[in-house]
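Read through the structure below, which is laid out as structure tokens, and then see the notes.
Numbering (the working numbering), first residue to last: 296 to 650.
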């Protein structure tokens, strides 16, 4: 199927197979003179992003699988997925809302991660082509994975020059909690080029949320200064990843939420540069936090779109978000959504080059 693109990006779609229960899955391709992006309706995954290096040579800079079977078989890496209903962790899968306790199925060391055992990343989303992209919609019924309220979630992916825009919106018919994010892993040298430890990152955050042994925030918001979490100036991801630091040891590297400097309007979350290829990534968002994850739990079991295994540190994630376990931390920015309200959130991934 070819969809008319009245703007700068061409938008095409094709059948990409079926789930075991017979639901058809689509693969959308968004392309302009700068980028080529593929999106699947299964889990609203970003499958690939082809971006040019300083010499103009394009390479796929996100980790992904070559076919639907790869995503169906994948259970824990969430490569490129939209995760929900609650992205990141909820302690013991339990929270209280309006005086009632809710239990989400635990799937990560006794905690609920990315929405429980069957999150939004495992669902087939409905699609609607847009001028420069695609809108995906998923309706999560009341009680699904233990969450209250029927939630209607929309994710719009649009391509504008070298920027992939992601716009989230959602409504509910009961009070609920919500934390949607995209879980793409980036490797600016190319998805099968090795580790990302030499790529330089700047994170626009003076504070972060340290975690306990289960990777649940302690509730404290200490300064990053004087710690391996100070990325206010561009620093190689691997420069301090082996430092004698309790937080790094707990996570096996970086897997922490950073408290962004900026309000609810669009602000820079992070910038990354790959010195070898010259590719850069700038992340802007309306969200208060970003989870910087250095691919610590990749084991080589996943065979990527290029045919090579994804080993530890093969990619990094910058998951723009509200903070982990916010329903159990009243001092954190609220993730509650009520009937009559519309949750709106924007994140933009912009790809560039340096000389």
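Just so you know, even glycine gets a beta-carbon here, dropped at the ideal spot from N, CA and C.
Taking the beta carbon of residue i as the centre, do at least 16 other beta carbons fall within 10 Å, making it buried, or is it exposed?
i	result
residue 552	buried
residue 548	buried
residue 453	buried
residue 394	exposed
residue 590	buried
residue 379	buried
residue 383	buried
residue 352	exposed
residue 582	buried
residue 465	buried
residue 610	buried
residue 566	buried
residue 368	exposed
residue 574	buried
residue 572	buried
residue 506	buried
residue 486	buried
residue 515	exposed
residue 419	buried
residue 604	exposed
residue 592	exposed
residue 416	buried
residue 471	buried
residue 356	buried
residue 467	buried
residue 629	exposed
residue 537	exposed
Got a sec, what are the start and stop residues for the beta strand (DSSP E) residue i sits in?
i	result
residue 497	495 to 498
residue 308	305 to 313
residue 346	341 to 347
residue 436	First-last for residue 436: undefined, no H or E at that position.
residue 331	331 to 335
What are the partner residues of residue i, as DSSP defines its beta bridges?
i	result
residue 450	431 and 463
residue 458	455 and 645
residue 556	None, per the DSSP bridge assignment.
residue 353	347
residue 381	474
Which stretch, first to last residue, makes up the alpha helix (DSSP H) that contains residue i?
i	result
residue 322	No alpha helix (DSSP H) holds residue 322; the beta strand (DSSP E) holding it covers 319 to 326.
residue 366	363 to 368
Reducing DSSP to helix, strand and coil, say where residue i ends up.
i	result
residue 358	coil
residue 338	coil
residue 444	coil
residue 297	Note that residue 297 scores a pLDDT of 42, beneath 50, so its modelled location is shaky; the value from the coordinates is reported in the next line. If DSSP states are grouped into helix, strand and coil, residue 297 belongs with the strands.
residue 650	coil
* Which residue spans inside the stretch 563 to 640 form an unbroken beta strand (DSSP E) run of at least 3? -> 574 to 580, 584 to 588 and 611 to 616
* **Every unbroken alpha helix (DSSP H) inside the stretch 477 to 551 [4 residues or more]** => 541 to 546
* Whole runs of the beta strand (DSSP E) within the stretch 387 to 429, excluding any shorter than 3 residues -> Assignment of beta strand (DSSP E) within the stretch 387 to 429, counting only whole runs of 3 or more residues, yields 389 to 392, 395 to 398 and 421 to 424 in chain order.
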